[in-house]
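Student:
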Amino acid sequence: MSPAKRRDSTRSRQLLLDAAAGLFAERGFDRSTTREIGERAGVDPALIARYFGGKAQLYIAVLDLDRANARPADLLEPERNLMLVDRVDRRGPGPVFRAAVTPLEDPEVQAAAADQLHWRLVDPLRERFTREGLDRPQLRAELMVAAFVGIVLSRHGGAFSALAEADTDEVVHLVLDMLG
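Right, here's the structure in full:
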């Protein structure tokens, strides 16, 4: 393969990753089409199959981008909690949060989203609870994440008007008080 072709394929692959990350965050996996991803990237959507194998594998590649970074802080860290609540307020719940309560249609994507949920949210808490010497750190972490995800998703569900209307900082303060 010539250097020009390699540069183009590297660039096209990155454009697809960037476009997919944006669309998946905005609309979720199920409501994002390969055509829309290709259009946003400015490349032929058929390249998704060539470079990734399909939309599910592209989604997994997008999720894995975060793994290059250090493990995120846990939910009991105020800045982390605020960032997550604010992100969901601005973009809506992404596939990782949705996977906690509703299985995604594609089992491979569901497994990847669940893996990310644990890596991003459950594992940091489990590690904290283990360091603190608490019993059943895995169960405690999963319960806390389930409560947090439920609260964050409920802000958008329409059943709890006070929760939906509350200021983000107030929600975070109360969530940390409740979880801590």
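Using this note's numbering, the first residue of the sequence shown is number 1338, and each one after it goes up by one. C-beta atoms are modelled at their ideal positions from N, C-alpha and C, and glycine is treated no differently.
1) Can you tell me the Cα-Cα spacing of Val1482 and Leu1413, whole angstroms?
2) Among residues of its own chain, excluding the 5 on either side of Ala1451, which ones have a beta-carbon nearer than 7 Å to its beta-carbon?
3) I need the straight-line Cα distance from Leu1352 to Asp1472, nearest angstrom please.
4) Output needed for Glu1416: all residues of its chain with C-beta closer than 8 Å, excluding positions within five of it in sequence on either side, in chain order.
5) Using only the alpha-carbon positions, how far apart do Leu1476 and Thr1467 sit?
6) Would you call Arg1428 buried or exposed, if buried means 16 or more other Cβ atoms sit within 10 Å of its Cβ?
7) Once DSSP output is grouped into helix, strand and coil, what is the label at Leu1516?
8) Report the start-end ranges of each beta strand (DSSP E) in the stretch 1455-1505 that is 3 residues or longer and not cut off at the edges.
9) Over what stretch of residues does the alpha helix (DSSP H) that includes Val1422 continue unbroken?
Tutor: Looking at the coordinates:
1) Between the alpha carbons of Val1482 and Leu1413 lies a distance of about 10 Å.
2) Ala1436, listed in sequence order.
3) Cα to Cα, the separation comes out at about 46 Å.
4) Cβ neighbours of Glu1416 beyond the five flanking positions: Ala1410.
5) Thr1467 has its alpha-carbon roughly 11 Å from the corresponding atom of Leu1476.
6) Classified as exposed, Arg1428 has fewer than 16 neighbouring CB atoms from the shown chains inside 10 Å of its CB.
7) In the displayed model, Leu1516 falls within a helix according to three-state DSSP.
8) For the stretch 1455-1505, there is no continuous beta strand (DSSP E) assignment of 3+ residues that stays within its boundaries.
9) For Val1422, the enclosing alpha helix (DSSP H) begins and ends at 1415-1428.
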